[in-house]
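Step one of this worksheet: look at the structure below.
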Amino acid sequence: MNQVLNFITSNQEIIYTVILMIFVGIEIIEKVPSVLHTPLMSGANAIHGVVIIGAIIVMGKAEQDNYLALALGFIAVLLGTLNVVGGFVVTDRMLEMFKKKK
Amino acid sequence: MNQHLLTICYLIGSITFILGLKMLSNPASARKGNLLAAGGMSIAIFGTIFLFSYDENGTTHYLGNYIWIFAALIIGAIIGTLAAKKVQMTAMPEMVSLFNGMGGACAALISIVEFNHLNKELGATPTAEMIQHVQPTVLIIVLGLIIGAVSFAGSMIAWGKLNGKVKDFSFTGQNILNMVVLAATLGLAVYMIFNPQQHMLLYAILGLSLFYGIFFVMPIGGADMPVVISLLNSFTGVAAACGGFLYDNKVMLTGGILVGAAGTLLTILMCKAMNRSLKNVLIGSFGGNKKGVAGATGAQGEHKEISLSDAAMVMSYANKVLIVPGYGLAVAQAQHTCHELEKILTEKGVEVKYAIHPVAGRMPGHMNVLLAEADVSYDILMEMEQANDEFPTTDVVLILGANDVVNPAAKSDPASPIYGMPILDVEQAKTVIVNKRSMKPGYAGIENDLFFRPKTSMLFGDAKKVLQDLCTEIKNA
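Same order as they appear, the protein sequences are chains F and E.
Counting in the working numbering, the first sequence runs from 82 upward without gaps.
Counting in the working numbering, the second sequence runs from 701 upward without gaps.
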């Protein structure tokens, strides 16, 4: 019990951030028209590619002789980049189609 | 100094994510929003590479292995850009699913490396105090691993389903098996948190999570894949947030949670557009009801066909024609020909509009994107409610490869798996012409009564070929 309370107190900043972000996330897309569901999903998909930052940290910290960490880190950065770059480019291509023609 | 710069980079990243997502939910600003978020992401990534530092043994270290990092970044960027640029419009949802899986795998890999690292520090026989100290970290690592792995495996199956490589597969008791696997995974995870030195268990958890991801998506019908992808998308967001927790990294935390929350709401909104609950989609009613539906098909009568020239005639002498596009149009890549037909008819003085069902095609907004690609003006695309008001004054409805979204069973037959889904009320119009390749049922696997109604005539053939022929016929008429 004490441990849980300690955990909450020492991480309260993060917990606040999480809770506020949940509300922000819900609030900002509440009025999305159904036409934009797919591009929005795709855009959100690209944004969670931010996980690549973790992969870069893993990779950058890995010791030169720790081949397992190097290999896994390399794959992680590669996959993360695919997620970020591919995600944003696909979203842009989808949205390119929405240009209003006059 | 560098530390402060990095903080500012991350701050910019977080703000652009929030603004970008907000702008993405409005058609006028969506594209800018996407670019804004991409810009913020670049700042956060390059900030991390050059400015990130950590303390070890009292000295400050910067990240190393630049060659490896840049090699992975460049290869990933090239493959990602090419794949995203080359992909056909029809294949975009599966592309999103694939990229989502990559993100999930990335999160899972981070967890594995970090856990090995932690395990080395713990040694073979850690004291109770040491274990207690690392427990929160282990919890986050395991959580990131499970969510990331489920998201990865699930996304791969969803990707396979959308491109037709993976067939729907379910067996009795599958839901129970899934529950057991999930319970076993979580049980192991809890055990792991109290015994972090048992590092091989991590791979058992990984295996079980992958297994769960596969069998979680397997039985869900292909038509529901966009909902599943959206859900898995929010999973990956949470997995990314776990990484943020692990490194006390605010941009990962905010970005991840933001996507987790927005993705969950988006999933629910998508379900609402189909008038179904999320539970209904996940536990699935489509597969289970097949028998009952097959029994009901016997009573249907004959359908009647219409010749190309007749169809052309009916349309060119109509006052108002409404086109209902569906997946068949997308598969045939007939959007340009469709626009051609629309122009020819308009020149003849016929009022032509499009009626777009929110879930026509394989993803919400699929038809809008497709028609916009063919330069169809935004103003003549009507959403469902608008279109339903227009059908009574419409002479001809031309249905191009749409099926479930115009199935009257959704209104009249409570036993139908799509009962309750709002549909386009095409029967209000004077004549209905349906273009399909065959009488085969649509994606939900159910028969469509509409095809046997007296007002309806069938025009068989590939959408593109039929539209081309219609264009020629109408021009010559």
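In this text, a Cβ means the ideal position worked out from N, Cα and C, and glycines have one as well.
Predicted, not measured: the structure shown is a model, and the values here were computed from it.
Check                                                                                                                                                                                         : Outcome
What is the C-beta distance between N765(E) and G141(F), in whole angstroms, given that I count them as a contact (C-beta under 8 Å)?                                                         : 6 Å
To the nearest angstrom, how far is the alpha carbon of V880(E) from that of Q145(F)?                                                                                                         : 41 Å
For a minimum of 3 consecutive residues, which ranges assigned as the beta strand (DSSP E) are wholly contained in the stretch 1031–1081 of chain E?                                          : 1051–1056
What would DSSP say about F815(E), mapped onto helix, strand or coil?                                                                                                                         : helix
When you compare only the Cα positions, how much space is there between P836(E) and A889(E)?                                                                                                  : 12 Å
Is it the case that the Cβ atoms of M723(E) and S714(E) are separated by a distance below 8 Å?                                                                                                : no
Would N800(E) pass as an interface residue toward chain F - the criterion being a Cβ-Cβ separation below 8 Å?                                                                                 : yes
Say whether the stretch 1082–1093 of chain E touches the stretch 125–136 of chain F, bearing in mind that this needs 3 or more beta-carbon pairs closer than 8 Å, one atom from each stretch. : no
Compute the distance between the beta-carbons of I1071(E) and P1025(E), then report whether it is under 8 Å.                                                                                  : Reading off the sequence, residue 1071(E) comes out as Leu, not Ile. Closer than 8 Å, so yes.
Tell me the rounded alpha-carbon separation between I749(E) and I812(E).                                                                                                                      : 21 Å
For a cutoff of 8 Å on Cβ pairs, would you count K979(E) as touching chain F?                                                                                                                 : no
Identify the residues that DSSP records as bridge partners of L1098(E): which are they?                                                                                                       : I1023(E) and I1133(E)
Quick one: what's got a C-beta closer than 8 Å to I929(E)'s C-beta in the same chain, skipping five residues either side?                                                                     : P793, V796, S797, N800, S855 and A858
What's the gap between the Cα of D1104(E) and the Cα of I1118(E)?                                                                                                                             : 8 Å
Enumerate in chain order the residues of its own chain whose CB-to-CB distance from I774(E) is below 8 Å, with the five nearest sequence positions on each side excluded.                     : none
Run through chain E and tell me which residues come within less than 8 Å of I89(F), C-beta to C-beta.                                                                                         : Within 8 Å Cβ-Cβ: nothing; I89(F) doesn't reach chain E, min ~10 Å.
Decide if G873(E) is buried, meaning its Cβ has at least 16 other Cβ atoms within 10 Å, or exposed.                                                                                           : exposed
If the cut-off is 8 Å on Cβ atoms, which residues from the stretch 734–748 of chain E count as contacting chain F, listed in chain order?                                                     : N734, L735, A737, A738, M741, A744, I745 and T748
Is there contact between the stretch 108–123 of chain F and the stretch 961–981 of chain E, where contact requires at least three CB pairs shorter than 8 Å?                                  : yes
Is the beta carbon of I718(E) sitting closer than 8 Å to the one on I743(E)?                                                                                                                  : no
When DSSP labels each residue in this structure, what does G988(E) get in the three-state scheme?                                                                                             : Confidence at G988(E) is low in this model, with a pLDDT of 43, below 50, so its placement is unreliable and no value can be given for it.
Is it the case that the stretch 835–854 of chain E contacts the stretch 770–788 of chain E, given that we only count it when at least three CB pairs across the two stretches are under 8 Å?  : no
Whole angstroms is fine: what's the gap from C1038(E)'s alpha carbon to A923(E)'s?                                                                                                            : 24 Å
To the nearest angstrom, report how far apart I103(F) and N933(E) are at their CA atoms.                                                                                                      : 15 Å
Which value, in whole angstroms, describes the spacing of the CA atoms of I708(E) and V1096(E)?                                                                                               : 59 Å
Can the beta-carbon of S725(E) be found less than 8 Å from the beta-carbon of V113(F)?                                                                                                        : yes
Please list, in chain order, all residues of the same chain as M1067(E) whose beta carbon is under 6 Å from its beta carbon, the five residues on each side excluded.                         : P1025, I1056, A1060 and G1061
Where does E1002(E) fall in DSSP's three states?                                                                                                                                              : coil
When you compare the CB of N126(F) with every CB in chain E, is at least one pair closer than 8 Å?                                                                                            : yes
Quick check on T936(E) - is its C-beta less than 8 Å from some C-beta in chain F?                                                                                                             : yes
Spell out a yes or no on whether the stretch 83–93 of chain F and the stretch 906–924 of chain E are touching, meaning 3 or more CB-CB pairs, one atom from each, closer than 8 Å.            : no
Determine which residues share a DSSP beta bridge with H761(E) and list them.                                                                                                                 : Y754(E)
Would you kindly report the start and end of the unbroken alpha helix (DSSP H) that includes L163(F)?                                                                                         : It is not in any alpha helix (DSSP H) - L163(F) carries neither H nor E in the DSSP assignment.
Taking C-beta pairs closer than 7 Å, name the residues in chain F that I954(E) reaches, listed in chain order.                                                                                : According to the sequence as given, residue 954(E) is Thr; it is not Ile. What T954(E) touches in chain F: T98 and M102.
If we call anything under 8 Å between Cβ atoms a contact, is N1019(E) one with V1050(E)?                                                                                                      : yes
What is the DSSP secondary structure of L1124(E), reduced to helix, strand or coil?                                                                                                           : coil
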